[in-house]
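J.: Take a look at this one; I'll ask things after.
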Amino acid sequence: MHCFEGHRVLNLDGVKDDTKTPEKVIGCPRHKSEPLKYFCRTCNVPVCKECTLTDHPAGIHDCDHLNEAGPKQIELLNQAVQEGRQKAADIRTVLKTLEHSSGRLQVQYHKAQNEINDTFQFYRSMLEERKQELLKELESVFSAKQMSLTVYGQKAQDTVDKIYQTCEYFERLTKHASLVECLLLKKQIDTKLQGLSSFTVDSNVQTAYDLEFVSNYQAIQVGVRNTFGYVRSSSDVNVGPAKQPPIARPVTNGPTVNAINGAGSNQANGSSAPADRPYTNGLSSVSVQYESNIISKRFGTANSLGPFSTSVTELSISGINPYDKWSNGGTEIFQNGVSDHYGIGLNNHSDSVLEIGPKLLSTSVFPPKSQIKRQKMIYHCKFGEFGVLEGQFTEPSGVAVNAQNDIIVADTNNHRIQIFDKEGRFKFQFGECGKRDGQLLYPNRVAVVKTSGDIIVTERSPTHQIQIYNQYGQFVRKFGANILQHPRGVTVDAKGRIVVVECKVMRVIIFDQSGNVLQKFGCSKHLEFPNGVVVNDKQEIFISDNRAHCVKVFNYEGVFLRQIGSEGVTNYPIGVGINSTGEILIADNHNNFNLTIFTQDGQLVSALESKVKHAQCFDVALMDDGSVVLASKDYRLYIYRYLQIPPIGL
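Note that UniProt numbering gives residue 352 to position 352 of the sequence shown, counting from 1, and the numbers run on in steps of one.
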């Protein structure tokens with residue numbers, strides 16, 4: 001005989017009997033008097049008989065007796081638990097790998113720090129050595145010139161004394177001697193005076209005071225940034241196109257790259273283009289290696305030059321233009337997180353880190369390919385190479401064309417403006433690094449006043465101002481430093497008004513030639529990242545928006561009028577222009593250098609693409625004959641001619 005204590009069974013002696021464990025009866029939460037006897041597989045819950053008639057009727061819900069369905073559900077739950085345990089074990093393995101990678105990354109980080117410090121010490125010792133050499137050379141030249149001046153001064157003083165002595169002798173002679181005696185000595189006195197009067201200033205002595213130290217700040221800036229070293233990050237995930245450093249890619253086999261004397265290892269073959277080797281920066285890097293490119297005892301002879309950029313690693317994901325960051329000296333590409341632009345949600349902690357890579361590689365990140373058939377075009381002229389000499393560039397960020405079809409280039413990192421004729425032949429240059437009148441500091445865009453030929457130059461941070469020079473490169477005035485923040489595109493209308501569009505703050509400011517603000521309006525509701533601007537004769541402003549894949553049109557009062565182009569047709573435009581017939585040309589560099597021509601009301605007219613691939617393009621300008629001047633990141637400018645051919649839909 002047994003009695004129950006909960007679900008445990010007691011025998012007559014009051015001892016628990018574990019051999020018999022009757023099933024505990026649990027009542028239905030909804031129908032208290034009814035026991036749970038069934039399991040609804042549709043709802044995945046146990047139910048009572050009353051529930052099968054009301055809330056879980058047959059035909060709609062699949063219910064089985066609890067004794068039959070229960071073991072199966074428990075088995076499924078056991079499987080889920082086992083899978084969960086296995087998943088937890090896998091994640092723990094990943095965590096251990098991440099811990100190992102984090103430790104390795106920390107070691108590499110400190111190693112890179114030490115290498116940077118060692119390189120700096122070596123650079124400093126080289127600079128100190130060079131300083132002492134120059135001081136010795138200066139002392140030697142100074143001493144030689146000082147000695148020359150001393151000798152010359154002594155000789156001159158002796159000549160002066162002898163002249164005075166001769167003159168005094170003649171005066172005494174005339175007082176105490178007769179006329180005949182004076183005439184007898186006349187020839188000797190004349191000869192003496194003529195000999196003393198023939199003393200002339202030595203040309204070498206005339207330039208003895210000419211002593212100065214000529215410092216090449218531009219070459220120092222370029223040289224240090226490209227020979228000191230760079231930070232290289234290995235990658236397991238190749239996201240998007242490779243980010244190409246502006247000067248040369250590192251090489252492990254092959255000829256030495258000498259970027260100070262030229263623009264890459266191909267110069268020996270008559271070409272200054274860098275070798276087309278991939279330079280991959282990744283997202284999920286766990287190993288950072290610092291490589292020094294200077295000659296040192298520790299590293300030996302270096303045969304590679306690093307990126308011109310001073311940032312650590314730049315993502316080159318299609319859709320996130322690294323030049324937007326690089327050309328403005330910024331430090332962050334994803335200022336608001338990737339989710340702001342693509343909905344990926346890097347800032348959302350609920351997303352697994354392991355899922356970021358596949359999301360970035362998904363096709364939703366990239367815009368659709370061009371939806372129109374483009375005709376091929378090819379350039380007929382190219383010029384330029386890397387360097388600091390005439391006709392060379394380190395960053396040709398802006399380009400414009402004047403009424404004579406001269407090509408005006410803003411050579412940003414060389415802090416100067418260079419002018420070429422329509423065939424690419426160098427004419428002259430102006431500007432030097434500095435903040436005084438006639439000096440430039442990171443000029444990034446140029447425009448021309450057609451009537452006068454005056455050259456309008458915008459400077460990016462830290463000066464962020466406008467400078468005006470005449471057609472011969474003589475400084476006129478500067479203004480706007482207290483108004484402009486991030487000037488990007490600039491143009492001049494038919495009345496000589498200067499129209500500037502600013503990125504980041506998304507603003508348009510219109511100046512007169514004296515620097516007075518005529519109009520100012522914000523357009524952040526319509527623009528995402530403006531980079532080019534042009535105006536027509538109807539006071540309409542056409543702004544190319546890189547991230548909106550189109551051109552936005554405003555009037556001078558800031559009213560949005562219309563949009564020209566769209567994603568899939570004008571992906572990531574780099575500039576906009578108006579040709580002689582009044583058509584709108586939109587240039588983009590998505591997968592290729594493309595030109596898309598529209599009427600001013602937005603009707604598609606023609607579409608072209610270059611036969612030559614361009615890694616990255618900075619700016620475009622139009623000539624009167626319909627040619628397009630392209631400023632490329634490979635330190636060259638290309639001149640394209642295009643034909644008006646109607647586009648063919650896919």
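All residues carry an ideal CB built from backbone N, CA and C; glycine is no exception.
Hey, could you find the ends of the alpha helix (DSSP H) N226 is sitting in?
T.: It spans Y217 to T227 - the alpha helix (DSSP H) in which N226 sits, taken as one unbroken run.
J.: Grab me the residues of V457's own chain with a C-beta within less than 6 Å of its C-beta, minus the 5 sequence neighbours each way, in chain order.
T.: Closer than 6 Å at Cβ, skipping near neighbours: P443, V446 and Q467.
J.: Can you grab the Cα-Cα spacing for the pair L484 / F542, in whole Å?
T.: Roughly 19 Å separates the two Cα atoms.
J.: Please state whether DSSP places D588 in a helix, a strand or coil.
T.: Strand.
J.: In the DSSP assignment, what are the bridge partners of Q418?
T.: V409 and Q429.
J.: Is it buried or exposed for I220, if we count other Cβ within 10 angstroms and need 16 for buried?
T.: Classification of I220: exposed, given that the 10 Å Cβ count is below 16.
J.: Between which two residues does the alpha helix (DSSP H) harbouring P487 extend?
T.: That residue, P487, is in no alpha helix (DSSP H); its beta strand (DSSP E) goes P487 to V492.
J.: Please name the residue or residues paired with V629 in a DSSP beta bridge.
T.: In DSSP, V629 forms a bridge with A621 and I639.
J.: Between F4 and the rest of its own chain, which residues show a CB-CB distance below 6 Å, the 5 nearest in sequence each way excluded?
T.: Only weak support exists for where F4 lies, its pLDDT of 40 falling under 50; the coordinates are left without a value.
J.: Run through DSSP, which three-state label would K192 get?
T.: Reduced to three states, the DSSP call for K192 is helix.
J.: Determine whether the beta carbon atoms of E583 and R374 lie at a separation below 8 Å.
T.: Contact flag unset, no.
J.: Out of V399, L66 and A403, state which residue places its alpha-carbon closest to the alpha-carbon of D411.
T.: D411 has its Cα closest to that of V399, out of V399, L66 and A403.
J.: Quick check on L441: does DSSP put it in helix, strand or coil?
T.: The answer is coil: DSSP assigns L441 none of H, G, I, E or B.
J.: From what residue to what residue does the beta strand (DSSP E) around V534 run?
T.: Counting along the chain, the beta strand (DSSP E) containing V534 begins and ends at P530 to V535.
J.: In angstroms, rounded to a whole number, what distance separates the CA positions of T280 and R232?
T.: Note on T280: pLDDT 36, under 50, position unreliable in the model; no value is reported.
J.: How many whole angstroms separate the CB atoms of A598 and G565, which I take to be in contact at a CB cut-off of 8 Å?
T.: The sequence given here has Phe at residue 598, not Ala. That belief holds up - the Cβ atoms of F598 and G565 are roughly 7 Å apart, short of 8 Å.
J.: For my contact list, V628 and L595 are in at a C-beta cut-off of 8 Å; report their separation, rounded to the angstrom.
T.: Right, their Cβ atoms sit about 7 Å apart.
J.: Buried or exposed for V224, going by 16 or more other Cβ atoms inside 10 Å?
T.: Under this definition V224 is an exposed residue.
J.: Give the straight-line distance between the Cα atoms of E395 and G558, rounded to the nearest whole angstrom.
T.: If I take the Cα positions, the gap works out to 32 Å.
J.: I'd like to check one pair, D437 with F420: are the Cβ atoms closer than 8 Å?
T.: No, Cβ-Cβ distance for F420 and D437 is not below 8 Å.
J.: Drop a sphere of 10 angstroms on the beta-carbon of H464, count the other beta-carbons inside from all chains shown, and report buried for 16 or more, exposed for fewer.
T.: With 16 or more other Cβ atoms within 10 Å, it is buried.
J.: To the nearest angstrom, how far is the alpha carbon of K633 from that of A587?
T.: When rounded, the distance between both Cα atoms is 15 Å.
J.: Cα separation between I74 and Q113?
T.: Those two C-alpha atoms are separated by around 57 Å.
J.: Enumerate in chain order the residues of its own chain whose CB-to-CB distance from Y217 is below 6 Å, with the five nearest sequence positions on each side excluded.
T.: These residues qualify, in order along the chain: C433.
J.: Are the stretch 145-164 and the stretch 189-203 in contact at 8 Å, needing three or more beta carbon pairs?
T.: Short answer: they touch.
J.: Quick test of your reading: N536 and I498, contact by CB under 8 Å. State the CB separation rounded to the nearest angstrom.
T.: With a Cβ gap of about 16 Å, N536 and I498 do not count as contacting.
J.: Could you name each continuous beta strand (DSSP E) segment of 3 residues or more that falls completely within the stretch 61-135, going from the start of the chain to the end?
T.: Here the runs fully enclosed are 63-65.
J.: May I ask which residues mark the beginning and end of the alpha helix (DSSP H) holding C51?
T.: Counting along the chain, the alpha helix (DSSP H) containing C51 begins and ends at K49 to L53.
J.: Name the residue from C617, V569 and L637 whose alpha carbon lies nearest to the alpha carbon of S606.
T.: The shortest C-alpha separation from S606 is found at V569.
J.: Check whether the Cβ atoms of Q439 and F426 sit closer than 8 Å, and answer yes or no.
T.: No; because the gap between Cβ atoms is not below 8 Å, this pair is not in contact.
J.: Let me make sure I understand the geometry here. Which of D512, H486 and Q513 has the alpha-carbon closest to that of K530?
T.: Note that residue 530 is Pro in the sequence shown, not Lys. Looking at the Cα atoms, H486 is the closest of the given residues.
J.: Quick check: the Cα distance between G424 and K96, rounded to an integer number of angstroms?
T.: Whole-angstrom Cα-Cα distance: 59 Å.
J.: Between R92 and S102, what straight-line distance do the alpha-carbon atoms span, to the nearest angstrom?
T.: The alpha-carbon atoms of R92 and S102 are separated by roughly 15 Å.
J.: Rounded to whole angstroms, what's the CA-CA distance from T200 to L183? Just pull it up for me.
T.: C-alpha separation (whole angstroms): 29 Å.
J.: Measure the C-alpha to C-alpha separation of L527 and H549 and round it to an integer number of angstroms.
T.: When rounded, the distance between both Cα atoms is 10 Å.
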